[in-house]
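Take a look at the structure set out below.
Numbering (the numbering used here), first residue to last: 2 to 612.
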């Protein structure tokens, strides 16, 4: 077999695959149908052909400046993949974005991206072209071409019309917009050099073999799903098996069945995906599944919880899952994706630290008689230099001290699109002693024995009487205290009483439907939460808000949107079941409007408001 040169760009990788193993499946997409999951395969030869067709159409159909980015609006299908690669083949900058499935929000959610990016073309499926075209006209963007791709639309286009673009490392490959960005989106400018560097970092860190089989349910437009689970297999001439996030959430066992059926070697998920498998995969569903092929199961994109990792390993050990396969990692779009991760052949590391020392920004081993917190290592940095810096003094901190995580390396993106001031402030930061060119992540963490421990976000930190408290610790404590509280269904944040400049802690927590919603029961639960947090965190008179399931907002990667939840709370926009607020906090909320007339379908009770 001829030697396969390492690809310089993603286009090179796909072209190499089409030349050397044209019939190998580049992608397998599992569609739901009445009989189960129906596979759709796309070979390297066909992927290359379709990408060339999309590129040819883009070059001939663009109405305006061909340097303007291309917005991709697709449901989870292989058409998104061919469109994304078609942009690369055309030398155009791609913008992966979700296609909302709520009729009233179908186009509104991408309006901010459209305006911010100065989009030159939109690619979509035929059934969405008319609505998107009308939206473009209504938005005053008549010069933006709207092209439908896929079978029937691409017929008659000669792929040989394509000519390779001249691409340099510093050219933009794609814009990665932050999850849920609408009114104030931030587009991360990922260059071809960034993408190549991070693909090599992932390959080296994960020891990805050539021809790897990866499997994922992550959104294709999300950085972990796109770069880690879609592009990395292409980079090494492998196969990516995909299903939609909805298919996974409806039945988490489908993910494990995929691993079994296709002998998947690498997969990835935020923490909540592993937790869903532990809670919702029955013994009957897991019977006979063989997970021994799995070399790497990455856990990232949201805080990694030690109890989830232990439970997942314990639950599926009988199915051949190796503990060494479970691999916590740290990454973010501004570093293209991967920042740190550890050897896939070694068990992940846990660190139990003194809780009070952590509140003072220090990782100190705990004694058995003291309150503690368990942290999970996110491994060692790969192609990226990590500094831990005091965010106030900008001085580098020693090992074991918690500060802001700063990054520098070839994977760090070029900046934020059309935001020069923010780019200079965030991507070109300098330490107090003059070391420049670092990216400020806004994340808090510490290095200890070369391992990175991520502890939280600066903007979400709760400062109480000189102590630094992490909202995820409080959320976890509440959710583990009773069956009524939905796991992963909470948001803790701070609000400030301007009259006294005092910071108040607010706990918003979803209540399970079966827990009962009468006022007396909810009042008792609120009292139990206040007592718990007083005992464990020395927090007096915490404000407690109970809401129904599904109210807590999250990003596409499963991160709790605490800033958004804080705004909804202060706007009085939460559908509250029950709340117990301090007078100073209640005074921050808008005055309630006239109460609606109660109906038989929506009974009311003192101290309780149903949505």
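By construction, the Cβ of each residue, glycine as well, lies at the ideal position given by its N, Cα and C atoms.
Contact between residue 98 and residue 124 is ruled out by a C-beta separation of about 11 angstroms, above the 8 angstroms threshold. Residue 427: member of the alpha helix (DSSP H) spanning 421 to 428, first to last residue. Around the beta carbon of residue 283, fewer than 16 other beta carbons sit within 10 angstroms, so the residue counts as exposed.
Taking C-alpha positions only, residue 448 is separated from residue 349 by approximately 15 angstroms. Within its own chain, the residues whose Cβ lies closer than 7 angstroms to the Cβ of residue 555, once the five positions on either side in sequence are excluded, are 561, 562, listed in chain order. In this structure, the alpha-carbon of residue 59 lies about 21 angstroms from that of residue 191. Secondary structure in the segment 284 to 336: the beta strand (DSSP E) runs of 3 residues or longer, each lying completely within the stretch, are 297 to 300, 327 to 332 in chain order.
Across the structure, residue 359 and residue 45 are spaced so that their CA atoms are roughly 50 angstroms apart.
Residue burial annotation: residue 34 is exposed, with fewer than 16 other C-beta atoms found within 10 angstroms of its C-beta. If you check the CB distance, residue 326 and residue 305 do not come in under 8 angstroms.
With the rule of 3 Cβ pairs closer than 8 angstroms, the segment 225 to 241 does not count as touching the segment 284 to 295. A straight line joining the alpha-carbon of residue 444 with that of residue 333 spans about 10 angstroms.
Boundaries of the beta strand (DSSP E) harbouring residue 355: 351 to 355, taken from the DSSP string. By the Cβ neighbour-count rule, residue 393 is exposed, with fewer than 16 other Cβ atoms within 10 Å of its own.
Between residue 408 and residue 442 the beta-carbon gap is near 6 angstroms, inside 8 angstroms, which marks them as a contact. The Cβ atoms of residue 83 and residue 132 do not sit closer than 8 angstroms to each other.
Going by C-alpha positions, residue 273 is about 7 angstroms away from residue 559.
Counting only unbroken stretches of 4 or more residues, the alpha helix (DSSP H) elements lying wholly within the segment 184 to 218 are 193 to 207, in sequence order. Within the same chain, 190, 192 come within 6 angstroms of residue 415 by CB-CB distance, once the 5 residues on both sides are set aside. Nearest neighbour of residue 94 by Cα position, chosen from 196, 153, 158, turns out to be 196.
Take residue 316, set aside five residues on each side of it, and the residues of its chain with a beta-carbon closer than 7 angstroms to its own are 279, in chain order.
DSSP places residue 378 outside any beta strand (DSSP E), giving it a letter other than H or E. By the neighbour-count criterion, in which 16 or more other beta carbons inside 10 Å mark a residue as buried, residue 458 falls on the buried side. Secondary structure in the segment 416 to 481: the beta strand (DSSP E) runs of 3 residues or longer, each lying completely within the stretch, are 440 to 449, 452 to 458, 463 to 465, 468 to 470 in chain order.
Here DSSP, grouped into helix, strand and coil, assigns residue 405 to strand. Separation of residue 579 and residue 564 (C-alpha to C-alpha, rounded to the nearest whole angstrom) is 21 angstroms. Membership of residue 173 in the beta strand (DSSP E) is indicated by the continuous run 173 to 178.
The beta carbon of residue 187 sits closer than 6 angstroms to the beta carbons of 179, 417 from its chain, once the five residues preceding and following it are set aside; these are given in chain order. In the same chain as residue 66, and ignoring 5 residues on each side of it, the C-beta atoms closer than 8 angstroms to its own belong to 121, in chain order. Nearest C-alpha to residue 47 among 57, 61, 28, 38: 28. Partner residues in a beta bridge of residue 54, as assigned by DSSP, do not exist. For residue 159, the closest of 49, 111, 96 by C-alpha to C-alpha distance is 49.
For residue 111, same chain residues with a beta-carbon under 6 angstroms away, outside a window of 5 residues either side, are 98 in chain order. Residue 490 sits in a strand when the DSSP states are folded into three classes. The straight-line gap separating the alpha-carbon atoms of residue 17 and residue 76 is approximately 28 angstroms. Measuring C-alpha to C-alpha distances from residue 320 to each of 254, 249, 543 identifies 254 as the nearest.
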